[in-house]
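Input: a single structure, listed below in structure tokens.
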Amino acid sequence: MAKEKKNAEAVAESQAAPAIELAGNVNVPLEIREEIVKKAEALKAEHKLRKIFIVIVEGEEGDEKPLYIGYLRRPSLMHFSQYMNFVQKDVVQANKMLATNVFLAGDRELVDDDELFLYGTMGQLSQIIDSRNADMVKK
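Under our numbering, the first residue of the sequence shown carries the number 561, and numbering increases by one thereafter.
Pasting the structure below:
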């Protein structure tokens, strides 16, 4: 009985979880964060998605922008299959292909610029392909 209650609480908590996730630990001012969430909500509605992932990478000295922001979706079955096939051979290229396939909007440099991709975006992609919490019950 206690296990069922715990599972029900976990389900309720996961349903209350936001459908927009900020990937990374970048310090983003509140007004910019609000703009980011508004844009993500609009993209979520436009593309009829359950979840949007937001990648934010801080620009370095000499970069064009102080923050690079990208809006990503989960990969389709076909894109995930391609990723799993290529990740065995070349992790970097597999991640580059995945980022290209799931990119919705924002600063395209996060995918196209090798340095921004390698040292910024690539480290955040694992959050997109993380599995959901699941249990198998055997009776």
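We put the CB at the ideal spot given by N, CA and C, even for glycine.
- According to the DSSP secondary-structure assignment, PHE663 is paired through a beta bridge with LEU632.
- Taken in chain order, the unbroken stretches of alpha helix (DSSP H) that lie wholly in the region 636 to 660 and span 4 residues or more are 637 to 647.
- Between the C-alpha atoms of ASP690 and ALA602 there is a straight-line separation of about 24 Å.
- Counting along the chain, LEU609 sits inside no alpha helix (DSSP H), nor does DSSP assign it H or E at all.
- In the three-state reduction of the DSSP assignment, LYS699 falls in the coil class, being assigned neither a helical nor a strand state.
- Sorting VAL662, PRO589, ASP650, LEU627 by C-alpha distance to the C-alpha of LEU609 places VAL662 at the top.
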